[in-house]
Amino acid sequence: MQKIHDFEVKKSNGEYESLQVYDGKVLLIVNTASKCGFTPQFEGLQKLYDEYRDQGFYVLGFPCDQFMKQEYDDQEEIMEYCQTNYGVDFPMYHKVDVKGDNQEPLFKHLTQVKKGFLGGEIKWNFTKFLIDRGGNVLRRYAPQSTPEKIEADIQNTINQKANPYN
Numbered sequence: 001m002q003k004i005h006d007f008e009v010k011k012s013n014g015e016y017e018s019l020q021v022y023d024g025k026v027l028l029i030v031n032t033a034s035k036c037g038f039t040p041q042f043e044g045l046q047k048l049y050d051e052y053r054d055q056g057f058y059v060l061g062f063p064c065d066q067f068m069k070q071e072y073d074d075q076e077e078i079m080e081y082c083q084t085n086y087g088v089d090f091p092m093y094h095k096v097d098v099k100g101d102n103q104e105p106l107f108k109h110l111t112q113v114k115k116g117f118l119g120g121e122i123k124w125n126f127t128k129f130l131i132d133r134g135g136n137v138l139r140r141y142a143p144q145s146t147p148e149k150i151e152a153d154i155q156n157t158i159n160q161k162a163n164p165y166n
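Be aware that the sequence shown starts at 1, since it is given in full-length UniProt numbering, and climbs by one per residue.
Okay, structure coming up:
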């Protein structure tokens with residue numbers, strides 16, 4: 001079975017990165033948008049990252065423009081908006097499709113492993129996936145689930161050792 005660490009993604013600067021660099025880390029993967037009603041969640045996501053990064057926790061943001069055109073077209077504009085308005089310094093990646101014919105392979109995997117309200121499809125911006133240290137998808141959270149509401153799950157995952165048999 002594939003793990004998150006098996007995927008390669010495009011960084012905001014256009015270079016590709018293997019998610020193998022996060023082997024042994026707890027991840028929260030989020031599809032983001034700069035002009036969405038849930039955009040203020042960036043503040044909570046950054047707080048979680050600040051609080052737990054020293055314990056091996058990372059938030060990975062993937063901008064997406066598939067829901068009512070709520071993301072900027074230009075990657076630099078996306079990055080500037082997130083940094084200027086919310087102080088985001090967790091890893092942000094290149095804008096992706098999280099559903100449809102051009103779905104990013106990482107999101108295809110995430111949505112197959114943890115189906116949501118609409119089956120495997122992501123229904124809106126700020127859908128979140130919690131990944132354990134071994135690269136296993138543990139939980140999927142709806143956009144309405146604020147970072148504060150899922151903090152206990154993140155803490156529990158940080159405190160667990162990865163299952164070597166998964």
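For every residue, glycine included, the Cβ atom is placed at its ideal position computed from N, Cα and C.
Values in this document were obtained by computation on a predicted structure and should not be read as measured data.
In whole angstroms, what is the alpha-carbon distance linking N166 and L27?
Locating residue 166 in the sequence shown gives position 166, counting from the first residue. Locating residue 27 in the sequence shown gives position 27, counting from the first residue. Here the model assigns N166 a pLDDT of 41, short of 50, so the residue's position is not dependable, and the following value carries that caveat. Roughly 17 Å separates the two Cα atoms.
Might you give, ordered along the chain, the residues of its own chain that have their beta carbon closer than 8 Å to the beta carbon of N163, omitting 5 neighbours on each side?
Counting from one through the sequence shown, the residue named residue 163 turns up at place 163. Note that N163 scores a pLDDT of 46, beneath 50, so its modelled location is shaky; the value from the coordinates is reported in the next line. Cβ within range, chain order: D132, G134 and N136.
With a cut-off of 8 Å on the beta carbons, I'd call G56 and I122 a contact; round off their distance for me.
Translated into positions along the sequence shown, residue 56 becomes position 56. Translated into positions along the sequence shown, residue 122 becomes position 122. About 26 Å; that fails the 8 Å criterion.
Would you kindly work out how many angstroms separate the C-alpha atoms of N85 and F129, rounded to a whole number?
Translated into positions along the sequence shown, residue 85 becomes position 85. Translated into positions along the sequence shown, residue 129 becomes position 129. Distance between the alpha carbons of N85 and F129: 24 Å.
In the DSSP assignment, what residue or residues form a beta bridge with F67?
Numbered from its first residue, the sequence shown carries residue 67 at position 67. In the DSSP output, where bridge partners are listed per residue, F67 has none listed.
Which parts of the UniProt domain "Thioredoxin" (1–159) are runs of the alpha helix (DSSP H), unbroken and 4 residues or longer, counting only runs that do not cross its ends?
If we require 4 residues or more, the alpha helix (DSSP H) runs fully inside the UniProt domain "Thioredoxin" (1–159) come out as 41–52, 75–86, 105–113 and 147–159.
So, does the region 36–48 touch the region 13–23, judging by three or more C-beta pairs under 8 Å?
No: the two stretches stay apart, fewer than three of their Cβ pairs being nearer than 8 Å.
Would V21 be called buried (16 or more neighbouring beta carbons within 10 Å of its own) or exposed?
Numbered from its first residue, the sequence shown carries residue 21 at position 21. Per the 10 Å Cβ criterion, exposed.
Between A152, H5, E151 and Q112, which has its C-alpha nearest G24's C-alpha?
As a working mapping, residue 24 is identified with position 24 in the sequence shown. For the residues A152, H5, E151 and Q112, the minimum Cα distance to G24 belongs to H5.
Would you kindly work out how many angstroms separate the C-alpha atoms of W124 and E43, rounded to a whole number?
Along the sequence shown, read from residue 1 onward, the residue named residue 124 stands at position 124. Along the sequence shown, read from residue 1 onward, the residue named residue 43 stands at position 43. For W124 and E43, the distance between alpha carbons rounds to 18 Å.
With 16 as the cutoff for other CB atoms within 10 Å, does A142 come out buried or exposed?
What you label residue 142 is simply residue 142 of the sequence shown in a count that begins at 1. A142 comes out exposed.
At the level of alpha carbons, what is the spacing between M92 and T32?
The residue labelled residue 92 in the question sits at position 92 within the sequence shown. The residue labelled residue 32 in the question sits at position 32 within the sequence shown. If you take the alpha carbons of M92 and T32, they lie about 9 Å apart.
Using 10 angstroms around the beta-carbon of K99, count the other beta-carbons present and answer buried if the total reaches 16, otherwise exposed.
As a working note, residue 99 is residue 99 in the sequence shown. The residue is buried, with at least 16 neighbouring Cβ atoms inside 10 Å.
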